[in-house]
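Structure first, then comments.
Residue numbers (the working numbering): 1 to 283.
Below is the structure:
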């Protein structure tokens with residue numbers, strides 16, 4: 001489980017894809033063979049394994065398989081003993097719902113998950129606050145996709161309050177730096193590309209410890225610059241993403257689509273873009 005999480009956080013997507021079948025098989029066997037008193041913990045572990053699978057499938061835009069793993073994660077987490085794992089399973093399930101144009105249901109699921117986590121834990125420690133904070137942050141992004149500006153920024157304010165409660169969290173937990181990247185995302189989705197670029201300038205990507213989170217920064221920054229009509233800066237952001245998280249650029253649809261647009265519209269004015277496209281498998 002730890003190795004799979006490390007692969008995901010490091011954007012080693014191909015390695016994680018090879019690891020997952022064995023991990024899921026072991027987690028299922030562990031749950032099926034658990035004694036009665038061990039069953040809740042084994043179910044939570046299985047839910048965690050399905051959560052990792054869902055995260056990878058979301059990254060690769062395999063929405064059909066992500067539906068299946070997200071549903072199994074929620075079912076296993078409900079039989080488990082960990083409210084944090086259940087909250088994460090519900091957030092990922094809501095993300096899949098949002099991807100498949102069930103945005104109202106996704107929003108409700110995220111907000112219900114936040115309310116349930118608060119009721120179950122009281123948000124008494126940093127881990128609970130970090131997981132809680134990611135739920136309104138994700139709901140803010142969903143609201144932005146609905147062009148509901150007031151809700152988007154209100155929810156992001158709730159996420160900021162939670163992030164401030166977490167303090168210095170361990171690697172992988174939602175924090176103020178993650179919140180700053182969400183501000184880029186929300187502004188971009190709302191069509192406020194100039195604001196998104198301004199937020200991007202305020203973030204030092206070198207301070208983002210996890211490569212997966214840095215990849216999200218490069219994605220939002222590149223797309224915001226593209227929306228702002230700055231192809232050269234967009235290409236530089238893609239090159240930075242390639243240097244930092246190469247599998248993110250080679251396998252993620254956003255990078256492939258953005259590179260195709262640059263190639264079709266600006267190839268003569270962007271030296272190196274054809275070579276870049278070839279490196280990531282487009283030519």
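Every residue gets a Cβ at the ideal spot worked out from N, C-alpha and C, and that includes glycine.
Rounded C-beta distance between residue i and residue j? I'm assuming under 8 angstroms.
i: residue 117; j: residue 140; result: With 8 angstroms as the limit, residue 117 and residue 140 do not qualify as a contact, their Cβ atoms being about 17 angstroms apart.
i: residue 182; j: residue 137; result: 5 angstroms
i: residue 7; j: residue 19; result: 6 angstroms
i: residue 24; j: residue 49; result: 5 angstroms
i: residue 109; j: residue 90; result: 6 angstroms
In terms of residue numbering, what span does the alpha helix (DSSP H) encompassing residue i cover?
i: residue 40; result: 39-59
i: residue 22; result: 13-33
i: residue 235; result: 231-244
i: residue 276; result: 273-279
i: residue 10; result: Segment: none, residue 10 is in no alpha helix (DSSP H) and carries neither H nor E.
i: residue 187; result: 176-189
i: residue 109; result: 103-121
i: residue 1; result: First-last for residue 1: undefined, no H or E at that position.
i: residue 99; result: 83-99
What would DSSP say about residue i, mapped onto helix, strand or coil?
i: residue 145; result: helix
i: residue 249; result: helix
i: residue 210; result: coil
i: residue 266; result: helix
i: residue 202; result: coil
i: residue 71; result: helix
i: residue 220; result: helix
i: residue 79; result: coil
i: residue 228; result: coil
i: residue 192; result: coil
i: residue 155; result: helix
Exposed or buried, what is residue i when buried is set at 16 or more other beta-carbons lying within 10 Å of its beta-carbon?
i: residue 257; result: exposed
i: residue 96; result: buried
i: residue 160; result: buried
i: residue 284; result: Past the boundaries of the shown model lies residue 284; the chain is included only from 1 to 283, so the question cannot be answered.
i: residue 83; result: buried
i: residue 88; result: buried
i: residue 104; result: exposed
i: residue 125; result: exposed
i: residue 283; result: exposed
i: residue 51; result: buried
i: residue 259; result: buried
i: residue 204; result: exposed
i: residue 1; result: exposed
i: residue 166; result: buried
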